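One structure below.
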Amino acid sequence: MLFSLLFLGTWPALLTLLERRGRLPQHTYLDYTITNLLAATFIAFTIGEIGRSTMEQPNFFTQLSQDNWPSVLFAIAGGVVLSLGNLSTQYAWAFVGLSVTEVITASITVVIGTTLNYYLDDKINKAEILFPGVGCFLIAVFLGSAVHASNAADNKEKLDYFSNDSKNGVGTNSVTDSKQTNTNTVDTNDLENGVDSGEKAKAGTALFLIEVENKRAMKVFGKSSYIGLAAGACLSLFSPAFNLATNDQWHVLKDGVPHLSVYTTFFYFSVSRSLLATILNFTFLYRPVLNAPKSSIMSYVNDWDGRGWALLAGLLSGFGNGLQFMGGQAAGYAAADAVQALPLVSTFWGVILFGEYRRSSGRTYTLLAGMLIMFIAAVAILMASAGHRNRTRDKIE
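Residue numbering for the sequence shown is -16 to -1, 1 to 381, as defined by mature numbering (1 follows the signal peptide of the UniProt record, and there is no 0).
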């Protein structure tokens, strides 16, 4: 589960890094989709084939030919909502920042998804421990929104001061130096790390905000955070759908047909997720959304700048989700939602890579600390609620 947490908290940072470097999100997500599906295929073809195939526990290839389509449809549905949620999240990262987006989406996912999984898993998790943890995640939602509002106010104040100084002739040389540096000597990676060399803007300053905005693929000043809420709503449903596909709580399979294994479910889940993402992003090349630039298939094929990072992000996401589902099948999907602590990881990357919250107000730092503390408490409580799935009972049913 720790590896799952690390992987799921790191891949969003890689995609955000590429967007801030100016790579189109359509190009990045198409690359991401390729290796994401490869990870699921690798898991199915290796771990899914370990051990002797039996009537009760068939291996991956055996299950491909069985009459298990009702469960397969649940797996496909889970892949669809995760794909929509991830696509929405990718744009939300640009609009409200990596840290706050992950807090909002992860918290909504836990509040709704964990509650559904608790009842789907026949209450194998300890309710007296589980739901206080869910409450902590809900508090984190409000703290995350407060952090975003406070940080946005800080940035507006910095930009207003910079604008007033420019009108008064103060800082004009800095603007000129910045523009010259931006075209000649500024390295995007240095900008995102806030490394100061020569006349470059320091992380957290108004010039830093303007320079990063000029580099990025989407212009986001003044955008709303509602897209993060929409992403959270979609992401809250993929785990319950996966749970239904593997455990058949609604008894949709015919008598004698074994439940889908985690590996087979994950394969169908990933195929549907990747197929939808590919279709949507090829469409977005020519009909972009949210003011993203237009592109073409040939432009995508020839765009190798940052492709390796996008491919790595797909692998991290694929293996991270696979590990999450394996843990959920063993200890209950409600407890496995502890991996939604990924904002702890993404906030670290947001500060280190992108200079988020640098030179912010004391109010913002106080809210940020409270948010992270609440997340740590929520994860610890959720993990303490872990139960043990009774496979014998499932077979009798």
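A virtual CB, placed ideally from N, CA and C, is assigned to each residue, including glycine. Because the structure is a prediction, the values reported are computed rather than measured.
Here Tyr247 is buried: its Cβ has 16 or more other Cβ atoms, across all protein chains shown, within 10 Å. Lys107 sits exposed, since fewer than 16 C-beta atoms from the chains shown fall within 10 Å of its C-beta. Three or more Cβ pairs closer than 8 Å define a contact, and the region 43 to 62 meets that threshold against the region 211 to 230. When Glu3, Asp51, Arg4, Thr98 are compared, the shortest CA-CA separation from Val363 is found for Thr98.
Contact check for Ser72 and Cys218: beta-carbon distance about 6 Å, within the 8 Å limit, so the pair qualifies. Remark: C-beta atoms of Phe222 and Leu104 do not approach each other more closely than 9 Å. When the beta-carbon positions are compared, Ala28 and Phe44 come within less than 9 Å of each other. Taking a 10 Å sphere around the C-beta of Ile88, we find 16 or more other C-beta atoms and assign the residue as buried.
Annotation: the continuous alpha helix (DSSP H) that includes Arg257 extends over 246 to 270. Around the beta-carbon of Gly346, fewer than 16 other beta-carbon atoms lie within 10 Å, marking it exposed. At the C-beta level, Val323 and Gly339 stay beyond 9 Å of one another. By the criterion of at least three beta-carbon pairs nearer than 8 Å, the region 13 to 20 is in contact with the region 264 to 284. If you check the CB distance, Leu356 and Leu326 do not come in under 9 Å. Cβ neighbours of Gly117 within its own chain (closer than 6 Å, five residues either side excluded): Ala362, Ile365, Leu366. About 5 Å separates the beta carbons of Ile113 and Ala368, which is inside the 8 Å limit, making them a contact pair.
Distance from the CA atom of Arg342 to the CA atom of Lys186, rounded to whole angstroms, is 9 Å.
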